[in-house]
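The structure appears below as structure tokens.
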Amino acid sequence: MRVLHTTLLTGPYDWEQAVLPREEFAGRLAHVRAALGDAAALFVHGHAGDYGDLNYLTGFTPKLGPALAMVPVEGDIRLLVGGTDLMIPQAKRLTWVEDVRPFANVPKAVADWLGAKKGAPLATWGFGSLAHGIHRGITAAVGPLTPLDAGLDPIRRRKSPREMGLMRRASVVLGDAVSAFVAAAGRGAGARTAALAAEKTAIAADAQDARTLVSVSPGGAPLPLDGAEDQALDPLLATIAVQVSGYWAAGYVTMTAHGGAAHDRARAALDAMVETARAGVTGGALRQEAARRIAPFGFHPALGGTIGNAIGLSLDEGPLADDVALERGATYALRVGAAGEGGDAALVSAMIAVGDAGASVLWTSPRP
Amino acid sequence: MDEPAPLNRIAAAVQLLEQRGADALLAFNNAQNSFLESNAVFVLSGVRPIGPSAVLIDRSGRASLVLTPAWDEARAAALAPGLTVTAADDLPASLADALERHRVDRRRLVTVALGTMGRALARRIEAVLGGTPPAIDDFTRDVARRRSADELAAARRATAIALSGYRRMLEVARPGLREFELAAELYCHMKALGAEDNFLLVSASQHNLAVRAAGRRVLDQGDIILSEITPCYRGQYAQICRTTVIGAPSGAMPGKYALLQQAMRRGQEAAVPGARVRDVTRAIDACFAAAGYGDYCRPPYMRVRGHGLGITSDRPGDLTADSDVVLEEGMVFVMHPNQYLPETGYMMCGEPVVITAHGAEALSTETATLDVIAV
Numbered sequence: 443m444r445v446l447h448t449t450l451l452t453g454p455y456d457w458e459q460a461v462l463p464r465e466e467f468a469g470r471l472a473h474v475r476a477a478l479g480d481a482a483a484l485f486v487h488g489h490a491g492d493y494g495d496l497n498y499l500t501g502f503t504p505k506l507g508p509a510l511a512m513v514p515v516e517g518d519i520r521l522l523v524g525g526t527d528l529m530i531p532q533a534k535r536l537t538w539v540e541d542v543r544p545f546a547n548v549p550k551a552v553a554d555w556l557g558a559k560k561g562a563p564l565a566t567w568g569f570g571s572l573a574h575g576i577h578r579g580i581t582a583a584v585g586p587l588t589p590l591d592a593g594l595d596p597i598r599r600r601k602s603p604r605e606m607g608l609m610r611r612a613s614v615v616l617g618d619a620v621s622a623f624v625a626a627a628g629r630g631a632g633a634r635t636a637a638l639a640a641e642k643t644a645i646a647a648d649a650q651d652a653r654t655l656v657s658v659s660p661g662g663a664p665l666p667l668d669g670a671e672d673q674a675l676d677p678l679l680a681t682i683a684v685q686v687s688g689y690w691a692a693g694y695v696t697m698t699a700h701g702g703a704a705h706d707r708a709r710a711a712l713d714a715m716v717e718t719a720r721a722g723v724t725g726g727a728l729r730q731e732a733a734r735r736i737a738p739f740g741f742h743p744a745l746g747g748t749i750g751n752a753i754g755l756s757l758d759e760g761p762l763a764d765d766v767a768l769e770r771g772a773t774y775a776l777r778v779g780a781a782g783e784g785g786d787a788a789l790v791s792a793m794i795a796v797g798d799a800g801a802s803v804l805w806t807s808p809r810p
Numbered sequence: 015m016d017e018p019a020p021l022n023r024i025a026a027a028v029q030l031l032e033q034r035g036a037d038a039l040l041a042f043n044n045a046q047n048s049f050l051e052s053n054a055v056f057v058l059s060g061v062r063p064i065g066p067s068a069v070l071i072d073r074s075g076r077a078s079l080v081l082t083p084a085w086d087e088a089r090a091a092a093l094a095p096g097l098t099v100t101a102a103d104d105l106p107a108s109l110a111d112a113l114e115r116h117r118v119d120r121r122r123l124v125t126v127a128l129g130t131m132g133r134a135l136a137r138r139i140e141a142v143l144g145g146t147p148p149a150i151d152d153f154t155r156d157v158a159r160r161r162s163a164d165e166l167a168a169a170r171r172a173t174a175i176a177l178s179g180y181r182r183m184l185e186v187a188r189p190g191l192r193e194f195e196l197a198a199e200l201y202c203h204m205k206a207l208g209a210e211d212n213f214l215l216v217s218a219s220q221h222n223l224a225v226r227a228a229g230r231r232v233l234d235q236g237d238i239i240l241s242e243i244t245p246c247y248r249g250q251y252a253q254i255c256r257t258t259v260i261g262a263p264s265g266a267m268p269g270k271y272a273l274l275q276q277a278m279r280r281g282q283e284a285a286v287p288g289a290r291v292r293d294v295t296r297a298i299d300a301c302f303a304a305a306g307y308g309d310y311c312r313p314p315y316m317r318v319r320g321h322g323l324g325i326t327s328d329r330p331g332d333l334t335a336d337s338d339v340v341l342e343e344g345m346v347f348v349m350h351p352n353q354y355l356p357e358t359g360y361m362m363c364g365e366p367v368v369i370t371a372h373g374a375e376a377l378s379t380e381t382a383t384l385d386v387i388a389v
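Line by line, the protein sequences are chains A and B. The opening position of the first sequence corresponds to residue 443 in the working numbering, with each subsequent residue numbered one higher. The opening position of the second sequence corresponds to residue 15 in the working numbering, with each subsequent residue numbered one higher.
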């Protein structure tokens, strides 16, 4: 799910030891360090729009601007965060890492931290979204950097029991938000009012973030609310995402008073995908199942040809492309949409966890 | 009727290309919005993109908006009359097509904000461009430094939304409420009024050192709530800064707060076209110095006396005592003589202003006072 980037994350992101204690992070750090090979250090980047890798290791959410964790193979992590010196005490509340400093003159900060290790092999994680200019500055200061995302991303996708509990909790809050949306739209409220009802409900249920996109025309793709009239629409399509203790749950909703063939087809396709889902099954196999059930309708263009992605500390932890297999221990958002004639359209989805015995459903779109 | 601001700015880009002997300008946005930064794609198209995007302008004045994701095309096309809009899921491939359509010599390109794009995407874009063209990163923030009539109207609407948000805070803030619950209430209230985004800092303490994003702290009697409320309406952020006491304020507070209000007025008077930012800053600082707080007019007690507002242009930049930037009629920024004083802690007082011939006119219809929530 993509939405307009917000300039400041306003939710409560203080590190809650009772929810994710220090030993949880110690375990993650051990897994990551074991995958570093001959690298002398790992640099992990995140910014307010994309911070899952950084959060996984440090628990830190960059509310504003970029942040960089410098991770030695042994010893303490140093974290550089956006904002002025005055903001450092507040930033420290957001992480278990104790050495927190301002994100300023980063190439020099990296070189100084490396000290005698300058020239040794260095690895990165999450640097694909680091500003190109800053990346150039760092490499000029300390030499080449080797991305390890391909090796580290699967570690992050595999959820611990604690993480799986948080995914379930996020899915419950998603269900509450969707119920509020459905109730408001069912009373004849406009799309904006229904979306805000969903967001308010999620926040009241302890969500750190809640995001919605809604149709601005009957059956149209869910879009940002800016400029949208508060019109009651049928069908009304929406995307709703909530974040609880760092973990995301996201789903699609279709509201229509008339049932509609598109919804029946989309629902059958989603049910077939969930039924088929288990470790090792590829995105391509799921797509085939969906295509078979959805014909003669076409896939809804709002989904851009995708059928799902891994989800957790990021809304998208990796797309389910045709050659990508579902992984045991990971959680996914599966989705399918159908578009027919005269605005007959539907988007539905499910949150699933892939375990030893197949997939369990954490949440699924309500039937209209 | 005036032309939309993006079209005037495209004309300015053509002039720049002629001066530099370049064939085309490519301006980028990395899909992030900062209330402190210029968004080059918004400035030249009127569209706040959801995904990484670019505007291509050639010397004939033809302009194309190339944005991601593909499903966002209809929204963008409605917001960007006069530009050819192409939405796709792969920005570099789509850019390559646009460069072909415009018949641009890739060796004669200039860019804006390519360095802000994510590393992975930027490398693929550079492969399409055949290298790293010269950067003129300040172009969009310079060309958009004075707001158009439409933009000023949107900034006034954003200010009205901010004031409504603050009034809502006076209604709902009470002991027992958590900071983030208060922030969420304000966020939803302003979103219902049309705010697209909000840089919203709300925090409280019995003795504040600075304002910060809302946390889990529970509001209490005697707290001083600091709020920096910054909704965005049609791409225009407007910021108000307020100080609110739960229960009776200390004896010293009203008098000390009057100092901030006086500093605000002095700053507004000094901010005439042609004045330098440092003159405005010094006029504000002088009020505090005259009251014996000269040592508190620098970090860590305060940092800047205001700043530009994105996403159109962050000019005139930070209001500091060493800024030589010259103020021009039509510039919009926030002026905030927020101040830490040892007797009261940090207090906030600020309004969005537009530079007029007579000084800085506040866009707010209600200016900051020391407000009290009775308990």
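Ideal placement from N, C-alpha and C gives every residue a C-beta, glycine not left out.
Answer yes or no: does any C-beta atom of chain B fall closer than 8 angstroms to that of residue i?
i        : result
A/Pro743 : yes
A/Met512 : no
A/Val445 : yes
A/Lys424 : As shown, chain A starts at 443 and ends at 810. That puts residue 424 of chain A outside it, with no answer to give.
A/Leu595 : Note on residue identity: the sequence assigns Asp, not Leu, to residue 595 of chain A. No, A/Asp595 lies away from the interface with chain B (no Cβ there is under 8 angstroms from its Cβ).
A/Gln685 : no
A/Gln730 : no
A/Asp838 : The structure shown does not extend to residue 838 of chain A, since chain A is modelled only from 443 to 810, so the question has no answer here.
Whole-angstrom Cβ separation of residue i and residue j, contact assumed at under 8 angstroms?
i        : j        : result
A/Ala511 : A/Leu528 : About 21 angstroms separates the two Cβ atoms, so there is no contact after all.
B/Ala91  : B/Asp103 : So it is not a contact: roughly 17 angstroms between Cβ atoms.
B/Glu380 : B/Leu177 : 6 angstroms
A/Leu675 : A/Ser791 : At roughly 19 angstroms, the Cβ-Cβ gap does not stay under 8 angstroms, so A/Leu675 and A/Ser791 are not in contact.
B/Cys294 : B/Gly281 : The residue you asked about is not Cys; residue 294 of chain B is Val in the sequence shown. With 8 angstroms as the limit, B/Val294 and B/Gly281 qualify as a contact, their Cβ atoms being about 5 angstroms apart.
B/Asp299 : B/Ala335 : 7 angstroms
A/Gly754 : A/Tyr689 : 6 angstroms
B/Ala25  : B/Val69  : Wrong, their Cβ atoms sit about 14 angstroms apart, outside the cutoff.
B/Leu81  : B/Pro63  : 5 angstroms
So, does the CB of residue i fall closer than 8 angstroms to a CB anywhere in chain A?
i        : result
B/Met15  : Here the model assigns B/Met15 a pLDDT of 46, short of 50, so the residue's position is not dependable and the matter cannot be decided.
B/Lys270 : no
B/Leu128 : yes
B/Phe194 : yes
B/Gly190 : no
B/Leu143 : no
B/Phe302 : no
B/Glu32  : no
B/Leu214 : yes
B/Glu210 : yes
B/Gly364 : no
Under the DSSP definition of a beta bridge, which residues are partnered with residue i?
i        : result
B/Glu242 : B/Leu215, B/Cys255
A/Trp420 : Residue 420 of chain A lies beyond the range of chain A shown here (443 to 810); nothing can be said about it.
A/Ser791 : A/Arg777
A/Met697 : A/Leu678
A/Asn751 : A/Pro761, A/Ala775
B/Leu123 : B/Ala38
A/Phe741 : A/Ala780
A/Asp668 : Paired residues: none, contrary to the question.
### Task
Compile a chain-ordered list of the residues in the segment 35–47 of chain B whose CB is closer than 9 angstroms to at least one CB of chain A.
Cβ contacts with chain A: Asn44, Ala45, Gln46, Asn47.
### Task
Tell me the start and end of each unbroken alpha helix (DSSP H) in the segment 500–546 of chain A that is at least 4 residues and wholly inside, in chain order.
Unbroken alpha helix (DSSP H) stretches of 4 residues or longer found wholly inside the segment 500–546 of chain A: 530–534, given in chain order.
#### Entry: Minimum length 3: unbroken beta strand (DSSP E) runs contained in the segment 318–379 of chain B
Fully enclosed beta strand (DSSP E) runs of 3 or longer: 320–322, 346–349, 353–355, 359–361, 365–370, 373–376.
### Query
For the segment 332–349 of chain B, which residues have a CB atom closer than 8 angstroms to at least one CB atom of chain A, in sequence order?
Taken residue by residue, none of the segment 332–349 of chain B has a beta-carbon sitting less than 8 angstroms from a beta-carbon on chain A.
### Task
Would you list, in chain order, the members of the segment 65–90 of chain B that have their beta-carbon closer than 7 angstroms to a beta-carbon of chain A?
Answer in chain order: Gly65, Pro83, Ala84, Trp85, Arg89.
### chain B contacts from the segment 496–526 of chain A (Cβ-Cβ distance under 7 angstroms)
If you check each beta-carbon in the segment 496–526 of chain A against every beta-carbon of chain B, the ones closer than 7 angstroms belong to Lys505, Thr526.
### Task
Please name the residues in the segment 787–809 of chain A whose beta-carbon is closer than 7 angstroms to at least one beta-carbon of chain B, in chain order.
Across the segment 787–809 of chain A, no CB contact with chain B closer than 7 angstroms is found for any residue.
#### Entry: chain A contacts made by the segment 312–332 of chain B, where a contact means CB separation under 7 angstroms
Of all residues in the segment 312–332 of chain B, the ones placed with a Cβ closer than 7 angstroms to any Cβ belonging to chain A are Pro314, Arg317, in chain order.
### Message
So if I threshold CB-CB distances at 9 angstroms, which residues from the segment 615–633 of chain A count as touching chain B?
### Response
Contact residues of the segment 615–633 of chain A toward chain B are absent (C-beta to C-beta distance below 9 angstroms).
### Query
Curious, which full-length beta strand (DSSP E) runs of at least 3 residues does the segment 467–501 of chain A contain?
The qualifying runs are 483–489.
### Message
Along the segment 450–478 of chain A, where does the CB come closer than 9 angstroms to a CB of chain B? Name the residues.
### Response
For the segment 450–478 of chain A, the set of positions with a beta-carbon nearer than 9 angstroms to some beta-carbon of chain B reads Leu450, Leu451, Thr452, Gly453, Pro454, Tyr455, Asp456, Glu458 in chain order.
### Task
Quick one: which unbroken alpha helix (DSSP H) runs of 4-plus residues sit fully inside the segment 26–108 of chain B? Chain order, please.
Fully enclosed alpha helix (DSSP H) runs of 4 or longer: 54–59, 87–93.
### Task
Entirely within the segment 133–163 of chain B and at least 4 residues each: give me those alpha helix (DSSP H) ranges in chain order.
Uninterrupted alpha helix (DSSP H) stretches at least 4 residues long and entirely within the segment 133–163 of chain B occur at 133–143, 153–157, given in chain order.
### Message
Using a Cβ-Cβ cutoff of 7 angstroms, what residues of the segment 560–578 of chain A are near chain B? List them in chain order.
### Response
Here the close residues are Phe569, Gly570, Ser571, Leu572, Ala573, His574, Gly575, His577.
### Task
List in chain order: all unbroken alpha helix (DSSP H) runs of 4+ residues lying wholly within the segment 600–656 of chain A.
Taking 4 residues as the minimum length, the alpha helix (DSSP H) runs contained wholly in the segment 600–656 of chain A are 603–628, 633–646, in order along the chain.
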